[in-house]
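K.L.:
Letter by letter, the sequence shown follows residues 22 to 102 in the working numbering.
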Amino acid sequence: MVKNVGKIIISRQNRVLEYYVFGNEKTGFGIRIIQRGTVNAEAEYENVSSSEARAMALARTLATGTVCPGHLCNILDDGGF
22 MVKNVGKIII SRQNRVLEYY VFGNEKTGFG IRIIQRGTVN AEAEYENVSS
72 SEARAMALAR TLATGTVCPG HLCNILDDGG F
């Protein structure tokens with residue numbers, strides 16, 4: 022299962038950030054961020070939660086803060102997820 026949580030367009034920097042939740046109840050849910058534009062990048066963090074709702078809420082929070090792929094692991098590691 023992969024669900025798109027949201028898309029942030031940063032026109033001044035010519036890039037788009039897309040946030041996804043992936044996984045299932047058996048293996049857990051993770052978060053993926055894809056950056057498209059002048060520089061393309063992607064990052065994912067597996068097994069953020071066994072709850073799809075919690076993973077979706079966390080992905081929405083990351084989108085609200087405009088978290089880029091290069092910062093995903095640091096933020097989730099520091100947050101103790």
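Every residue gets a Cβ at the ideal spot worked out from N, C-alpha and C, and that includes glycine.
1. Alpha carbon to alpha carbon, how far is E39 from I29? Give it in angstroms, no decimals.
2. Could you check if Q56 is buried or exposed, using at least 16 other CB atoms within 10 Å of its CB as the buried criterion?
3. Output needed for T48: all residues of its chain with C-beta closer than 6 angstroms, excluding positions within five of it in sequence on either side, in chain order.
4. Reducing DSSP to helix, strand and coil, say where G91 ends up.
5. Considering only residues of the same chain and omitting the five flanking positions on each side of N35, which have a CB-CB separation below 6 angstroms?
6. Let me know the beta strand (DSSP E) ranges lying completely inside the region 22-90, each 3 residues or longer, listed in chain order.
7. Compute the beta-carbon to beta-carbon distance between V23 and F43, rounded to the nearest angstrom, for a pair I have assumed lies under 8 angstroms.
8. Can you grab the Cα-Cα spacing for the pair D99 / N68, in whole Å?
P.N.:
For this structure:
1. Answer to the nearest angstrom: the Cα atoms are 6 angstroms apart.
2. So Q56 counts as buried.
3. The beta carbon of T48 lies closer than 6 angstroms to none in the same chain, with the five residues before and after it left out.
4. For G91, the secondary structure class from DSSP, reduced to helix, strand or coil, is helix.
5. Contacts found: G58 and T59.
6. Within the region 22-90, the complete beta strand (DSSP E) runs of at least 3 residues are 23-31, 36-45, 49-58 and 62-70.
7. That belief holds up - the Cβ atoms of V23 and F43 are roughly 5 angstroms apart, short of 8 angstroms.
8. Those two C-alpha atoms are separated by around 15 angstroms.
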